[in-house]
Structures are given as structure tokens and as C-alpha cells.
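Letter 171 of the sequence shown, counting from 1, is numbered 171 in the UniProt record's numbering, and no numbers are missing. What follows is a set of notes on a single structure, which appears directly below.
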Amino acid sequence: MEHTLSRYGSGLELDIYNDHPSDDHGAEHAKGAEVNALKDEVSKLRLTCLQMMGQQLDGLSFKDLQHLEHQLNEGILSVKDKKDQILMDQLKKSRMLEQKATLENESLRKQIEELRRGSRQKSAFLEFSPLDRRLSVAISKPDSHQKPQEEDGLSDTSLHLGESSSLRVMKQNIDPRIMGRLLLV
């Protein structure tokens, strides 16, 4: 249909640009006949389009109506097939994302369990070999006769073992039933 319309448009453009009289009346008559044929074809295509939309059905016979119904049913089936294909592609993509998320969850659970084991081992180590509190306090306080920390290259840093406060807040905000399922898996 687009090809026909483009031919029709180019025919109109030729008529506009060729307003000067031509010596060859036969060529002019042929162009006019082609333009008229294209106009007829465009009007037929418009009528067919309207009939496909359920309009202008008055002049059709029973057989024509059956043929139109068959064409519309085939079109509907093609649309449904395309829609089903898109839905299946989306479902496949969703399943892949679900599988990826499941694998990531398993990996995170393993990391949590390893961190818990590590913190248990560290706390057991601290129980069997307690640190001298006076020594740790003395190390953390710089002497007044020593150089400033920036010049030594040392910094006053402390290490806290255990859950972070953000993890505790997250645990408190998570529904206990969900947390139980996470820990059981």
C-alpha cells in the first residue's frame, strides 16, 4: 500500500512540476491514465481498510463477508501468536533473573555463615587468651614527648569485631518468619 501511495505521490509531483504544455500529447495522456489508475487503487485500498475495521460492509455478498472474516481471524491468530511469543520471552527472562537471584542469595548465605563461623572462632580465641587491657589502653594513648602521629605514619584506629549496627537494624526490620526461612536454607 505504501508503494502505491508513493507512486501516487510521485505522480502528483510530476503533474505539479510539469505544468508547461508538452508536445507529446500521448505521454501526457499516459501519465493521466496512470494517475487515475493510482487514484482508483488508493480508493480501493481505503475501502478495504475500512471493511477490515468493520465499516462499509453494505455492498459485500455473503461469500465476501466470509472471506473478510477468514482474513480477520488469521490476523487475530497472528497477533495472538506474537503476543504469546513476547510473553514467553518475558517469562524466560524472568526465570533467568530468578535463578540468578537464587544463586546470589545462596552465595550470600554462605558468606554470612562463614562470617558467623569466623566471629565464633575469634570470640573463642579471645576467651582463651584475653588481652591485657592496660597494654591496649597504653598503646592507644600517645605520649606527650613522642612525635605527632602524622610524622610517625601511625594512626589511632580501633577494630570492632561483631555485627555492624546496620546489620542489626536490618535484622530488626526483617519479618522473623522470613529471617527464619533465610537461616534454614
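The beta carbon of each residue, even a glycine, is placed where N, CA and C say it ideally should be.
{"query": "If I measure Cβ to Cβ from K50 and keep anything under 7 Å in the same chain, skipping five residues before and after, which residues do I get?", "result": "Sequence inspection shows Leu at residue 50; the Lys mentioned does not correspond to that position. Result list for L50: Q56, in chain order."}
{"query": "In this structure, does DSSP put Q56 in helix, strand or coil?", "result": "coil"}
{"query": "Please report the straight-line C-alpha distance between H29 and L47, rounded to a whole angstrom.", "result": "27 Å"}
{"query": "Using a Cβ-Cβ cutoff of less than 6 Å, which residues in the same chain neighbour D40 once the five nearest sequence positions on both sides are dropped?", "result": "none"}
{"query": "How many whole angstroms separate the CB atoms of M52 and L72, which I take to be in contact at a CB cut-off of 8 Å?", "result": "7 Å"}
{"query": "Assign L60 to buried or exposed, taking buried as 16 or more other Cβ atoms, counted over all protein chains shown, within 10 Å of its Cβ.", "result": "exposed"}
{"query": "Taking the alpha-carbon positions, what's the Q99 to L108 distance?", "result": "14 Å"}
{"query": "Could you give the distance in angstroms between the alpha-carbon of Q111 and the alpha-carbon of L87?", "result": "36 Å"}
{"query": "With 16 other CB atoms within 10 Å as the buried threshold, where does L77 fall?", "result": "exposed"}
{"query": "Exposed or buried, L38, counting other C-beta atoms within 10 Å across all chains shown (16 or more means buried)?", "result": "buried"}
{"query": "Could you compute how far the alpha carbon of S6 sits from the alpha carbon of D58?", "result": "30 Å"}
{"query": "Does DSSP put S61 in a helix, a strand or coil?", "result": "coil"}
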